[in-house]
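S.K.: Numbering (our numbering), first residue to last: 14 to 142.
Ideal placement from N, C-alpha and C gives every residue a C-beta, glycine not left out.
Mind looking over this structure? Questions follow.
As structure tokens, this is what we get:
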């Protein structure tokens, strides 16, 4: 429950390895909408999301509930199905303040050193909460 997954051990007759303890797992993931997670709460202080490109489908549909209930979002963005700029603009248009805006596949130089991103990162504050 804590990891949002269930594993079942299954026999693998085709695995003819006798000197090792070989097990096969079938891993099932549960799916929840943003509304499923946020609606039961009066306020969500911090929501961290990294849904591997699904943000471009999920976030626009649920922006109203995010605007009403979520104070901060830390989001991994991906260049699959949309762009980092699209998501950033969605939140800017809804009155959010962007604190971190690192594009995917980019190089950044900070006082602590430089780094490369693979995923993008947006850290956003809802100024209405």
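#1: What does DSSP give as the partner residues of residue 123 in its beta bridges?
#2: For residue 133, list the residues DSSP reports as bridge partners.
#3: Give the single residue among 137, 69 and 133 whose Cα lies nearest to the Cα of residue 105.
#4: Looking only at its chain, what residues have a beta carbon closer than 8 Å to the beta carbon of residue 46, apart from the 5 residues adjacent to it on each side?
#5: Looking at C-beta atoms only, is the number of pairs between the stretch 76-85 and the stretch 45-59 that lie closer than 8 Å three or more?
#6: Could you compute how far the alpha carbon of residue 57 sits from the alpha carbon of residue 85?
#7: Decide if residue 32 is buried, meaning its Cβ has at least 16 other Cβ atoms within 10 Å, or exposed.
#8: Can you name, in chain order, every residue of its own chain whose Cβ lies under 8 Å from the Cβ of residue 103, other than the five neighbours on each side?
#9: Under the three-state reduction of DSSP, which class applies to residue 55: helix, strand or coil?
#10: For residue 207 and residue 59, what's the separation of their Cα atoms in angstroms?
#11: For the candidate residues 123, 124, 101 and 139, whose alpha-carbon lies nearest to that of residue 116?
M.R.: In short:
#1: 126
#2: 90
#3: 137
#4: 71 and 75
#5: These segments touch.
#6: 8 Å
#7: Per-residue confidence for residue 32 stands at a pLDDT of 48, beneath the threshold of 50, marking its modelled position as unreliable; the derived number appears in the next sentence. Answer is exposed; the Cβ neighbour count stays below 16.
#8: 72, 73 and 76
#9: coil
#10: Outside the displayed span of the chain (14 to 142) sits residue 207, for which this structure offers no information.
#11: When 123, 124, 101 and 139 are compared, the shortest CA-CA separation from residue 116 is found for 101.
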